[in-house]
Amino acid sequence: MTVLVVGSGVIAVELIRKQVKIRLLSPRHPLHPSTCSVGAGGLWMPFHCDDERTDQWAFDTLDELMSYACSVESGSVDAVDGGASKALVEIVPAISFKRNNSKAPPKWATDRRSHILKFQCLTIDDLYKESLSQNFRLPGREVMDHAGYSHSWLFHPPIVDSPNMLMHMVRELESSEYTEHINLDTQKGYANVQEIVDDAIKFGCDSLVNCTGLGSKAICDDKSLIGARGVLLQFDRPSCEWDGQPERNDSVIMVEDPPLGSDSDPCYMIPRGKIIAVGGTYLEGDEQPEIRPEEMSKIMENARLMGINTDRSKPISQWVGFRPYRPRARLEIDEDFRKSGVKVVHSFGYGGSGWTVFVGAAKEAVSLLSS
Ligand SMILES: Cc1cc2nc3c(=O)[nH]c(=O)nc-3n(C[C@H](O)[C@H](O)[C@H](O)COP(=O)(O)OP(=O)(O)OC[C@H]3O[C@@H](n4cnc5c(N)ncnc54)[C@H](O)[C@@H]3O)c2cc1C
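Reading the sequence shown from the start, the letters are residues 1 to 371 in full-length UniProt numbering.
Here it is as C-alpha cells:
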C-alpha cells in the first residue's frame with residue numbers, strides 16, 4: 001500500500017510514524033503561518049472538538065506526549081534548534097479559573113486514564129496555598145477575588161513546542177524508510193477531491209489521506225466546516241518580565257468565564273518553547289486575517305492581568321489562525337470514491353484540539369486505510 005498524504009499540518013505529518021509507505025504533498029511548508037498547527041498553543045486539552053471520539057484520540061495522544069516529555073528529559077530526543085529550547089514537549093501546571101456555575105469537572109478529567117494529569121478542583125484559597133508550595137505563577141489574588149472566581153481546575157498537561165515539533169517530524173519524514181516522496185512546497189492547492197484522486201493514480205498510490213484542515217471546506221464543499229479565528233501575541237519567554245512573582249515557574253492560565261473571559265474571548269497564557277503565547281479569541285466564521293486594534297489592546301490587558309509587565313516586555317510577534325471546527329470531525333472513508341480505484345480517507349475538522357488528538361486520529365486513519 002502506498003498512500004498519498006495531502007497537507008503538512010500536525011494531522012498529516014503524524015502519519016509518517018504509522019509505518020505506511022507515503023508520498024506527502026503540501027502547497028506550503030509546515031512553518032508557513034497559514035498552517036494552523038504552527039502557531040497553535042500546543043496545549044494538550046480537548047477544546048472545541050465536540051466529536052464523541054475526541055477523548056479516545058486525546059488519551060492516545062497524551063500517552064505519546066508523556067513518553068516524549070520523559071525521553072526529552074532523559075536526553076534521547078534533541079530539540080531541533082540546537083538545544084536552544086529545552087524540550088519538544090514540556091509538562092506545565094495549568095490553571096483554569098471558574099465561577100460557581102461551571103463547577104463540574106470536564107468529562108476528560110473523569111476518564112480513568114487522566115490520573116497522569118493529576119487533575120484537581122480547588123477553591124481559590126486552596127489554589128493560592130498550593131501555589132506557595134508548588135511555586136507556580138498566578139494572576140494577583142485580589143484581581144481574581146474581585147472578579148468573583150470561586151474555584152479552579154489544576155492539572156499538569158503536556159505542551160508541545162509546535163513549530164519545533166513540526167520540524168522534528170519533517171526530519172523524521174525525510175529520513176524514514178517509509179517515505180517514498182515528499183514535497184512541502186508544491187504551491188498547488190487542490191480544488192476538489194477528484195483532483196487529489198487523479199494525482200494519487202498518477203503517482204501509483206492506492207490510497208490517500210486528505211489532511212487539509214480548513215482547506216477541506218472548499219475541497220469537499222463542506223459547509224459544516226468553519227474557521228474559528230484565534231489571535232495570539234507571543235512574548236519572548238527567557239526575557240519576559242513579570243510583576244510581583246518573578247522567580248516562579250511558568251504556568252498555563254485560562255479564563256473562559258466572565259468577567260475576565262468568555263467563550264468567544266477567552267483570556268489565556270501558554271508557555272510554549274521559547275515563547276509565552278497570550279490569547280485570544282474563538283470566533284467562528286470570522287475571516288479577518290489581521291489582528292484588530294481592539295483585540296491587540298484586549299490581549300495586552302490579558303497579558304498584564306496574568307502577570308506580564310507589559311511596560312517592559314512587548315510582544316515579539318503576533319499570529320492569527322483559523323481552527324478547523326466541525327461539529328463532528330471528518331475521519332472516515334469517502335464512499336463516493338469507492339469505485340475510483342483509490343481509497344479516500346478524510347481526516348480534518350479537529351477544531352481547537354489538533355495537537356491534543358493527532359496521535360489517536362492518525363492511528364484511526366491508518367486503521368481505516370487497512371480496513
Ligand atoms: C489560536 C489557536 C490556538 C490553538 N491552540 C491549540 C492548543 O493549544 N492545543 C491544540 O490541541 N490545538 C490548538 N489549536 C488547534 C490546532 O492548531 C488545529 O486543530 C490543528 O493545527 C489542525 O491541524 P491540521 O493538520 O488539520 O490543519 P493545518 O495545520 O492547518 O494543516 C492543513 C494543511 O493542509 C494544507 N492545505 C490547505 N488547503 C489545501 C489545499 N486546497 N490543497 C492542498 N493542501 C492544502 C495546508 O497548507 C496545511 O499544510 C489552536 C488553534 C488556534 C488558531
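Glycine included, every Cβ here is placed at the ideal spot set by N, Cα and C. Since the structure is predicted, the reported quantities are computational estimates derived from the model, not experimental observations.
Excluding residues up to 5 positions away in sequence, I276, I308 and S313 lie with their Cβ nearer than 7 Å to the Cβ of C240 in the same chain. At least one heavy atom of ligand 1 lies less than 8 Å from the C-beta of F348.
Of V13, H48, L166 and A12, the smallest CA-CA separation from R323 is found for H48.
Counted as a single uninterrupted DSSP element, the beta strand (DSSP E) harbouring V344 occupies residues K343 to Y350. For D236, the enclosing beta strand (DSSP E) has its first and last residue at I226 to D236.
For I11, the CB falls within less than 8 Å of some heavy atom of ligand 1. For F59, the shortest C-beta to heavy atom distance toward ligand 1 is 8 Å or greater. Remark: the C-beta of Y190 is in contact range of ligand 1, defined as less than 8 Å to any heavy atom. Within the chosen limit of 8 Å, ligand 1 does not reach the beta carbon of W242 with any heavy atom. Straight across, the Cα-Cα distance linking E335 with E284 is about 29 Å. Contiguous alpha helix (DSSP H) elements confined to the region 181-232 occur at 193-202 and 216-219, taking only those with 4 or more residues.
Annotated three-state conformation of R53 is coil, per DSSP. For R53, the CB stays at least 8 Å from every heavy atom of ligand 1.
For C267, the enclosing beta strand (DSSP E) stretches over residues C267 to R272. Within the DSSP bridge table, the entry for R23 names L4 and H181 as partners. For ligand 1, no non-hydrogen atom lies closer than 8 Å to the CB of A69. Note on geometry: alpha-carbon atoms of R248 and V13 lie some 35 Å from one another.
The beta carbon of P238 is closer than 8 Å to those of K274 in its chain, skipping five residues each way along the sequence.
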